[in-house]
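Only one structure is covered here, and it is reproduced in the block below.
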Amino acid sequence: MPKARKSVLGRGELHFVSCASYRHLHKLAVDKHRDLLCQLLEELRVKFRFSIVGYVVLPSVFHMLLTEPEKDSVDEIIQTLRQRYQRRYNTSVRSDEPAWEKSYSDLHVVTPDQIVGFLSTMHQAPVKAGLVEAPTEWSWSSALRYAGLPEGVVTVEPSSDPRTQIVVSQA
């Protein structure tokens, strides 16, 4: 049986994380709720000292490509983000329903091809969902940063792989 991979904190390993809202309900469908998630993500980026290589927030899910943090773990980041969002979201909508599915996906990213693939998937997701016609029209994504446009509240540290520039221009 293969041994489980052990992450070493602060080593800069990349993770692709996907987290769906409870029952895939559109708990991120309103601009202010997507803005809240982005604000919390940026606060945690600073607190836990990790880099965000790419992200997208959609009406019922968010995806993120991030480095292993210097403090704590990717699991701690995601759990904290989900808890803080749920508290603020539930106060906003006067609900006590869960905001998130119990589990989320965390994939270890090791090759440049995986980075390019995940960035392409994230940047094209709003287009595939019919939310916009081009990736750069969606404000809650790293596509703006990769296209050289002013980014939103989330600080993105783009991949240095030149193929990632193509990811946005193929809209």
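Here the sequence shown stands for residues -15 to 155, where the numbers follow my numbering.
All residues carry an ideal CB built from backbone N, CA and C; glycine is no exception.
Legend entry - Burial state of residue 108 (16 or more Cβ within 10 Å): Position 124 of the sequence shown, counted from the first residue, corresponds to residue 108. Answer is buried; the Cβ neighbour count reaches 16.
Inset, instruction - My understanding is that residue 40 touches residue 47, with C-beta atoms under 8 Å, so please give their C-beta distance in whole angstroms. - result: Indexing the sequence shown from 1 puts residue 40 at position 56. Indexing the sequence shown from 1 puts residue 47 at position 63. That belief holds up - the Cβ atoms of residue 40 and residue 47 are roughly 5 Å apart, short of 8 Å.
Inset, instruction - Answer yes or no: do residue 89 and residue 2 have a C-beta to C-beta separation smaller than 7 Å? - result: Looking up residue 89 in the sequence shown gives position 105. Looking up residue 2 in the sequence shown gives position 18. Between residue 89 and residue 2, the C-beta gap is smaller than 7 Å, which places the two residues in contact.
Inset, instruction - Would you check if there are 3 or more beta carbon pairs closer than 8 Å linking the region 67 to 83 to the region 120 to 137? - result: Segments in contact, no.
Legend entry - First through last residue of the alpha helix (DSSP H) which encompasses residue 20: Here the question's residue 20 lines up with position 36 in the sequence shown. Note, residue 20: alpha helix (DSSP H), 15 to 32.
Inset, instruction - Going by CA-CA distance only, name the one from 43, 71, 62, 30 that's closest to residue 54. - result: Reading the sequence shown from its first residue, position 70 is the one you call residue 54. By alpha-carbon distance to residue 54, the top candidate from 43, 71, 62, 30 is 30.
Inset, instruction - Sort 49, 83, 127 by Cα distance to residue 95 and report the nearest one. - result: Locating residue 95 in the sequence shown gives position 111, where the first residue counts as 1. The shortest C-alpha separation from residue 95 is found at 49.
Inset, instruction - Please confirm whether residue 6 and residue 110 have their CB atoms less than 7 Å apart. - result: Taking the sequence shown and counting its residues from 1, the one referred to as residue 6 is at position 22. Taking the sequence shown and counting its residues from 1, the one referred to as residue 110 is at position 126. Not a contact, by the Cβ cut-off of 7 Å.
Inset, instruction - May I have the straight-line CA-CA distance separating residue 26 from residue 34, to the nearest angstrom? - result: As a position in the sequence shown, residue 26 is number 42, starting the count at 1. As a position in the sequence shown, residue 34 is number 50, starting the count at 1. So the two alpha carbons sit approximately 10 Å from each other.
Legend entry - Where residue 75 falls, given that 16 or more other Cβ within 10 Å makes a residue buried: If you number the sequence shown from 1, residue 75 lands on position 91. Under this definition residue 75 is an exposed residue.
Inset, instruction - With a cut-off of 8 Å on the beta carbons, I'd call residue 44 and residue 16 a contact; round off their distance for me. - result: Position 60 of the sequence shown, counted from the first residue, corresponds to residue 44. Position 32 of the sequence shown, counted from the first residue, corresponds to residue 16. Not quite, the Cβ-Cβ distance comes to about 16 Å (not below 8 Å), so this is no contact.
Legend entry - Residue closest to residue 143, alpha-carbon to alpha-carbon, out of 122, 101, 114: On the sequence shown, residue 143 is found 159 positions in, with the first residue counted as 1. Of 122, 101, 114, the residue nearest in Cα terms is 101.
Legend entry - Backbone CA spacing between residue 80 and residue 71 [nearest angstrom]: Against the sequence shown, residue 80 aligns to sequence position 96. Against the sequence shown, residue 71 aligns to sequence position 87. When rounded, the distance between both Cα atoms is 9 Å.
Legend entry - C-beta contact flag for residue 13 and residue 85 at 7 Å: The sequence position of residue 13 within the sequence shown is 29, counting from 1. The sequence position of residue 85 within the sequence shown is 101, counting from 1. The answer is no: Cβ separation not under 7 Å.
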